[in-house]
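Going down the list, the protein sequences come from chains A and B.
Numbered per full-length UniProt numbering, the first sequence spans residues 1 to 524.
Numbered per full-length UniProt numbering, the second sequence spans residues 1 to 524.
All C-beta atoms in this analysis are idealised placements derived from N, C-alpha and C, irrespective of residue type, glycine included.
There are 2 protein chains.
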Amino acid sequence: MLWSGWGDPARARELPEQVRKLLHDLLGVRDPATPAATLDEVRLPPVALPAPLRAALAGVVGEAHVLTGHEDRVRHTRGKSTPDLLRMRAGDGSDAPDAVVLPGSHDEVAELLRLCSRERVAVVPFGGGTSVVGGLAPVGRAHGRARFAGVVALDLRRLDRLRSVDTESMIAEFEPGVRAPDAERLLAAHGLTLGHFPQSFEYATLGGFAAARSSGQASAGYGRFDDMVAGLTLATPAGDLELGRAPKSAAGPDLRQLVLGSEGAFGVITALRLRVRRAPAERRYEGWRFPTFAAGSAAARALAQEGPLPAVLRLSDETETMIGLADPGAIGSGGPGGCLMITGYEGARVEPRRTDASAVLARLGGEPLGEGPGQAWEHGRFSAPYLRDSLLAAGATVETLETAGFWANLPRLYDAVRLALLGALGSPLVLCHISHVYETGASLYFTVVVAQDGEPVAQWERAKEAVNAAVVEAGGTITHHHGVGRDHLEAYGREIGPVGVGILRAVKASVDPEGVLNPGVLIP
Amino acid sequence: MLWSGWGDPARARELPEQVRKLLHDLLGVRDPATPAATLDEVRLPPVALPAPLRAALAGVVGEAHVLTGHEDRVRHTRGKSTPDLLRMRAGDGSDAPDAVVLPGSHDEVAELLRLCSRERVAVVPFGGGTSVVGGLAPVGRAHGRARFAGVVALDLRRLDRLRSVDTESMIAEFEPGVRAPDAERLLAAHGLTLGHFPQSFEYATLGGFAAARSSGQASAGYGRFDDMVAGLTLATPAGDLELGRAPKSAAGPDLRQLVLGSEGAFGVITALRLRVRRAPAERRYEGWRFPTFAAGSAAARALAQEGPLPAVLRLSDETETMIGLADPGAIGSGGPGGCLMITGYEGARVEPRRTDASAVLARLGGEPLGEGPGQAWEHGRFSAPYLRDSLLAAGATVETLETAGFWANLPRLYDAVRLALLGALGSPLVLCHISHVYETGASLYFTVVVAQDGEPVAQWERAKEAVNAAVVEAGGTITHHHGVGRDHLEAYGREIGPVGVGILRAVKASVDPEGVLNPGVLIP
């Protein structure tokens with residue numbers, strides 16, 4: 001993973017000249033005044049961790065698994081939001097942890113948490129490092145870092161095993177540090193799949209999916225990650241929590257759903273028992289064109305409410321369709337106009353579902369575009385973050401944000417977010433798609449492109465603040481799948497209100513009485 | 001509702017002579033020595049509530065909505081478990097509340113909670129009164145009643161409105177005191193249904209379904225009640241909690257899932273925004289016979305994992321099939337042997353699903369029995385509790401209990417529960433069915449019939465204790481849909497462990513700092 005950007009540096013792409021010209025003509029984008037910092041140039045704070053504490057950490061995990069080198073610290077500084085990358089490109093490593101600790105077992109995690117709680121060392125659980133909401137920089141500058149004797153990133157990469165597969169219950173037990181592609185590879189040997197493909201797929205870990213309540217591009221078919229968690233083990237400073245004895249239960253509140261989305265603030269997930277599926281025998285992806293976003297939305301809603309629901313269903317608005325972001329390779333190439341819908345079917349018997357769904361789509365005004373657009377989307381489904389790096393280098397800020405709401409409220413939410421972005425950024429390019437549909441509503445996923453001004457981080461933070469306020473005001477949830485982190489904290493507090501905040505704080509105090517776990521994240 | 005039993009007294013049935021003979025010959029059941037108490041004979045504790053407190057309650061809801069009459073108190077004493085009924089039949093009303101309070105709005109509920117919290121009055125939220133786990137008798141004899149200035153039942157029957165229907169989002173907003181049949185009637189006017197049909201359907205309320213995390217007989221098709229809750233309002237002594245801005249969210253833990261199953265211990269649900277469906281155009285119920293419970297289980301599992309899943313799917317074990325409890329009208333009439341499966345299809349297009357499911361069932365050893373058994377089951381689906389009253393009167397204790405687990409663990413769970421019952425009760429009749437299936441597991445629902453000894457409550461409590469221990473030991477959840485109440489408290493504590501218990505206590509202290517809400521229920 002590129003330390004200052006996304007993914008494999010070998011896959012970085014130069015922007016085509018056509019796109020550069022478009023950016024310049026349309027948005028006034030100009031090359032940045034200063035080149036990006038090199039790895040060596042990144043400025044890190046001195047390691048604050050006292051030597052006895054470092055020795056104590058090494059006593060738990062072994063000397064080889066406590067890292068304090070420049071590159072290790074840089075690579076565990078923040079996540080992969082655009083402000084994160086802009087800060088890194090500017091050489092700002094001020095949020096770096098003092099050390100990176102790599103436990104090798106549940107017991108080591110539990111012991112580390114007891115030690116760090118006792119010694120008031122802040123602990124940032126670290127999986128794939130792909131947070132885009134500030135979930136990995138809890139106690140940076142001006143965020144109470146002084147309260148702690150140090151900050152360690154708890155990197156779970158050594159907890160990378162598939163522990164067991166139960167093909168009768170269709171449950172696989174994983175350690176949390178398994179990366180999604182490795183999980184799929186390990187399951188494929190059993191003819192199984194999780195079917196969880198978020199855009200962060202190539203780097204994100206299973207533990208991160210659970211902690212951040214992830215959704216994937218095929219969640220309509222395979223369920224969201226929270227649907228997949230049959231059981232889990234959580235290590236906390238107060239002890240272990242072992243949940244999940246049955247698919248569903250009436251034994252009180254579903255505490256699994258309290259751990260899912262807890263973003264490392266309640267504990268460290270050390271085991272996940274996940275519902276798996278048979279690997280699909282067939283897969284088919286197609287494109288449809290709708291005259292308007294409203295018409296396409298109505299068709300998506302019909303499939304969600306009356307069925308059959310494809311495994312993948314997304315609908316780009318007019319602007320996103322025109323720009324062609326659904327197929328980054330074709331950006332700026334125009335296209336047939338209207339709104340592009342991608343439908344993907346996976347499973348043992350694709351054809352009957354496809355036929356039935358196609359009849360619904362055609363009846364509601366859809367024009368079939370065949371497999372071409374579907375395959376193009378599938379081919380580029382994990383590419384957008386690479387494109388972002390190229391745009392950042394070219395002087396354009398590009399960032400995504402998302403929300404969700406009930407169907408009747410979606411148009412209001414859509415307008416509110418766009419207005420907030422226009423108000424804060426002047427004349428950005430704002431693209432949107434419906435990326436996840438449910439019987440009662442859907443999520444809206446926005447991509448924003450704007451010419452960087454002299455202070456691109458502050459420029460984006462103003463926009464983000466305006467959008468957060470607009471989403472809360474318009475009745476949407478502040479995040480459908482990115483999580484709360486630090487960037488959504490204030491809005492989240494308004495979403496759940498003082499009683500909700502009081503509940504979160506009470507739970508936090510119960511499992512993490514010294515408040516060392518990802519402090520500053522999640523809990524308003 | 002019969003005060004000392006179940007349902008409409010006009011629908012009570014005498015046991016057929018054939019069944020009486022069977023009970024006598026098989027189980028040694030004899031007529032009870034003492035007749036059941038009349039309503040007037042029920043012994044109640046004196047009303048403990050001081051006059052100024054009563055006046056304060058009346059100041060909130062009006063004098064006409066504070067009830068302290070004998071019958072009102074009796075009708076709010078405990079729920080409808082067999083021990084509850086046995087105690088009532090013995091004239092024991094010692095768990096009665098001091099008063100029944102009937103608020104007419106959310107604001108009145110909120111004000112009552114503030115008042116009761118300030119004055120240390122225990123509050124028992126009361127919907128349909130159908131708890132079978134002690135959920136409505138929190139502070140009875142020897143359960144800390146002395147800590148409180150009084151105990152009031154907060155009967156929600158006046159909060160009985162359908163507030164709005166949003167046919168675009170397919171969400172209906174209800175007040176919590178709406179009974180299930182009324183909810184269906186109100187929705188039918190819009191061509192909609194909830195599709196929630198637990199055995200308590202005729203009396204239970206929507207608020208109760210949510211608070212107790214209910215499952216219905218058609219939950220495979222329409223979802224469990226917790227799946228239906230898009231949003232809710234909870235009144236607590238600490239203020240209101242308003243949840244649900246989108247179908248799903250990554251904004252932290254799903255706090256809806258913390259309120260669902262909270263059994264009145266965290267607050268009073270005053271509004272529910274429920275996902276609704278189009279009323280089914282077609283319905284078809286059928287019977288299948290499998291040679292063994294294992295073969296039938298494998299077939300049920302195949303439908304859950306590979307589809308298509310019927311809306312209703314239940315499988316009786318050999319004993320239940322023989323006794324014919326799936327069709328109470330046919331008890332003791334024998335039948336074709338093996339294990340009876342009921343499949344029910346509901347929706348717009350039943351036939352393709354039925355055809356596909358039938359092919360799976362036939363391939364896995366099922367013999368189709370046609371619509372007869374399906375219709376018989378459907379006809380009698382809410383009748384079993386009436387039958388219980390007749391059996392109690394005849395000197396037999398009959399009670400149900402349930403658990404759930406993952407598929408690979410179900411045989412162990414099945415054996416453990418049966419062994420515990422045999423060990424505790426000598427030679428009871430133990431019937432079982434799989435009542436809810438999921439991809440990863442299923443629930444087991446047991447019916448136990450045994451001749452009453454001289455102390456039938458103590459006799460059952462011994463059995464219940466043995467089963468609770470067996471379920472925890474065998475790795476199942478202590479309850480799939482009955483809830484925790486008081487009867488599962490200790491086992492529930494073992495199920496979630498000390499960290500889980502600590503979380504529940506922390507949440508409780510946050511929303512109900514004086515501990516007046518259903519004290520003694522849910523929180524170990």
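- Residue pairing by DSSP places T477 of chain B opposite B:A404 in a beta bridge.
- For the region 349-424 of chain A, the continuous alpha helix (DSSP H) assignments of 4+ residues that do not extend past its boundaries occur at 350-363, 371-379, 384-393, in sequence order.
- Distance from the CA of A265 of chain B to the CA of N518 of chain B, rounded to the nearest whole angstrom, comes to 5 Å.
- If you draw a straight line from the Cα of P352 of chain B to the Cα of A348 of chain A, it comes to about 16 Å.
- For R213 of chain A, the nearest CB of chain B lies under 8 Å from its own CB, placing it at the interface with that chain.
- Of all residues in the region 479-499 of chain B, only T479, H480, H481, H482, G483, V484, H488, Y492, E495, I496, G497, P498, V499 place a beta-carbon less than 8 Å from a beta-carbon of chain A.
- With a threshold of 16 other beta carbon atoms within 10 Å, Q257 of chain B meets it and is buried.
- S219 of chain B counts as buried, since no fewer than 16 other beta carbons sit within 10 angstroms of its beta carbon.
- Here R11 of chain A is not near K248 of chain B, since their CB atoms are 8 Å or more apart.
- Relative to G423 of chain A, the option among A:S214, A:H436, A:T440, A:V448 whose CA is nearest is A:V448.
- The continuous alpha helix (DSSP H) containing V507 of chain B extends over residues 489-511.
- Note that the C-beta distance between M341 of chain A and R314 of chain A is below 8 Å.
- Taking the C-beta atoms as reference points, R73 of chain B is found nearer than 8 Å to V100 of chain B.
- The C-alpha of Y285 of chain A lies about 13 Å from the C-alpha of G221 of chain A.
- At least 8 Å separates the CB of E514 of chain B from every CB of chain A.
- Contact check between the region 86-95 of chain A and the region 116-124 of chain A: fewer than three CB pairs, one atom from each, fall below 8 Å, which does not count as touching.
- Our two residues, P385 of chain B and V398 of chain B, have alpha carbons roughly 10 Å apart in a direct line.
- Ranked by how close their Cα comes to the Cα of P237 of chain A, the residues A:T167, A:G267, A:A394, A:L260 have A:G267 in first place.
- Residue pairing by DSSP places R157 of chain A opposite no residue, since no beta bridge is assigned to it.
- Between P97 of chain B and H70 of chain B, the gap from beta carbon to beta carbon reaches 8 Å or more.
- Its Cα nearest to that of G515 of chain B, the residue B:R145 stands out among B:L23, B:K80, B:R145.
- For W288 of chain A, there are no C-beta contacts with chain B under 8 Å, since the nearest C-beta of that chain is about 21 Å from it.
- Taking a Cβ-Cβ threshold of 7 Å, the residues of chain A close to S249 of chain B are A404, T477, T479, H480, in chain order.
- Chain A has no Cβ within less than 8 Å of the Cβ of Q199 of chain B.
- Less than 8 Å divides the Cβ of A180 of chain B from the Cβ of H196 of chain B.
- At the C-beta level, V276 of chain A and T193 of chain A come within 8 Å of one another.
- When CB distances to chain A are screened at a threshold of 8 Å, the residues of the region 207-231 of chain B falling below it are A212, R213, S214, S215, R224, D226, A230, in chain order.
- Interface annotation, V467 of chain A: not in contact with chain B, CB-CB separation never under 8 Å.
- Judged by DSSP secondary structure, E455 of chain A falls outside any alpha helix (DSSP H); it is assigned neither H nor E.
- For F197 of chain A, no beta strand (DSSP E) segment is defined, and its DSSP state is neither H nor E.
- Chain order gives the chain A residues near R245 of chain B as G405, G475, G476, T477, E495, where near means a beta carbon separation below 7 Å.
- In the DSSP assignment, R275 of chain A falls within the beta strand (DSSP E) that extends over 268-275.
- Among the residues facing chain A, D166 of chain B is included, as its CB has a counterpart in that chain under 8 Å away.
- Beyond the five residues adjoining it in sequence on each side, L156 of chain B comes within less than 6 Å, by CB distance, of G127, P176, G177, G207 in the same chain, given in chain order.
- Here DSSP, grouped into helix, strand and coil, assigns S443 of chain A to strand.
- At a cut-off of 8 Å, the C-beta of M170 of chain A has a neighbouring C-beta in chain B.
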